[in-house]
Amino acid sequence: AQKEQEKDEL
Amino acid sequence: MNIFRLAGDMTHLLSIIVLLLKIYATKSCSGISLKTQELYALVFLARYLDLFTDFISVYNTIMKVVFIASSLAIVWCMRLHPLVKRSYDKELDTFRHYFLIGGTFVLALVLNEKFTLQEILWAFSIYLEAVAILPQLVLLQRSGNVDNLTGQYVFFLGAYRAFYILNWIYRYLTEPRFTRWIACVSGIVQTGIYADFFYYYFISWKNNSKLKLPA
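Protein chains in written order, with my numbering: chain R, 927 to 936; chain A, 4 to 218.
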């Protein structure tokens with residue numbers, strides 16, 4: 927399963 | 004982290020510093036929309052819920068704390084500071100921003116990456132940020148003359164999201180699975196809303212004249 931896009935942006 | 008994103012975060016930080024400087028130095032908030040500042044505080048609170056749960060990097064955590072603290076400080080200043088609050092253009096700042104909150108929240112319920120509270124609030128904060136500047140732009144139109152610091156504030160705020168668009172293009176080209184449609188589309192809309200302001204700002208800068216917005 928596609929790992930959730932990590933919210934690494936502000 | 005790429006140069007576009009760093010430039011974007013720095014211009015965003017710069018816009019907040021310019022605003023704090025204007026309010027602190029002149030002890031006045033004339034020409035500033037309290038509603039836009041409240042919307043930004045809401046954007047940061049809704050988006051940075053993961054502040055204590057997901058650690059991304061020191062930079063990420065510090066910037067989130069700075070954005071939340073500064074936006075709340077500005078709202079506090081404009082609402083409660085005895086000297087500053089007197090200069091608030093209450094009768095000009097009449098944009099019905101509750102519609103913006105309601106509309107973007109409904110949109111976030113419909114359009115989100117995952118139907119969980121955190122994802123819905125994240126999408127809500129992205130949509131709300133795109134339209135949060137509207138009360139401020141309406142206030143500038145109404146008050147006609149734009150003082151330098153306020154003009155610079157809005158300019159840096161618009162430039163930051165423009166840098167983010169370059170960042171998303173860069174990441175799309177360099178990272179195989181980078182897709183962030185919600186932030187990307189909303190960011191384009193947000194930058195578009197500034198387009199007319201950028202136009203008048205550039206004209207005034209070129210003619211070295213005072214920034215005048217058509218009433």
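Where a beta carbon is used, it is the ideal one built from N, C-alpha and C, also for glycine.
Should residue i go down as buried or exposed, given a rule of 16 or more other Cβ atoms within 10 Å for buried?
i	result
A/Thr107	buried
R/Lys929	For R/Lys929, the pLDDT reaches just 48, beneath the cut-off of 50, and the residue's location in the model is therefore unreliable, although a value from the coordinates is still provided. When all chains shown are included, R/Lys929 counts as exposed.
A/Ile19	buried
A/Thr182	exposed
A/Phe102	exposed
R/Asp934	exposed
A/Phe58	exposed
A/Ser212	exposed
A/Gly105	exposed
For residue i, which three-state DSSP category applies?
i	result
A/Asn211	coil
R/Ala927	Reliability of the predicted coordinates at R/Ala927 is poor, the pLDDT of 39 falling under 50, and the value obtained from them is presented with this limitation in mind. In the structure shown, R/Ala927 sits in coil (DSSP, three-state: anything other than H, G, I, E or B).
A/Asn148	strand
A/Cys32	coil
A/Pro179	coil
A/Met4	coil
A/Leu293	Absent from the model: residue 293 of chain A. The displayed extent of chain A is 4 to 218, so no value can be given.
A/Val157	helix
A/Asp199	helix
A/Val141	helix
A/Leu169	helix
Is the beta carbon of residue i sitting closer than 7 Å to the one on residue j?
i	j	result
A/Phe7	A/Tyr173	yes
A/Ile129	A/Cys80	no
A/Ala111	A/Tyr43	no
A/Lys67	A/Pro138	no
A/Asp96	A/Ser36	yes
A/Leu216	A/Gln144	yes
A/Val21	A/Tyr156	yes
A/Phe47	A/Ile71	yes
A/Val78	A/Lys30	no
A/Val141	A/Phe200	no
A/Gly11	A/Thr153	no
A/Ala133	A/Gln40	no
A/Tyr203	A/Thr14	no
A/Cys187	A/Trp171	yes
A/Leu17	A/Phe158	no
A/His190	A/Ile206	One point to set straight first is that residue 190 of chain A is Gly, not His, in the sequence displayed. Contact: no.
A/Ala126	A/Ile65	no
Starting from residue i, trace the alpha helix (DSSP H) both ways and give me its first and last residue.
i	result
A/Tyr130	120-134
A/Thr64	61-83
A/Val109	100-113
A/Lys117	Note, A/Lys117: premise wrong, no alpha helix (DSSP H); not H, not E.
A/Phe47	37-50
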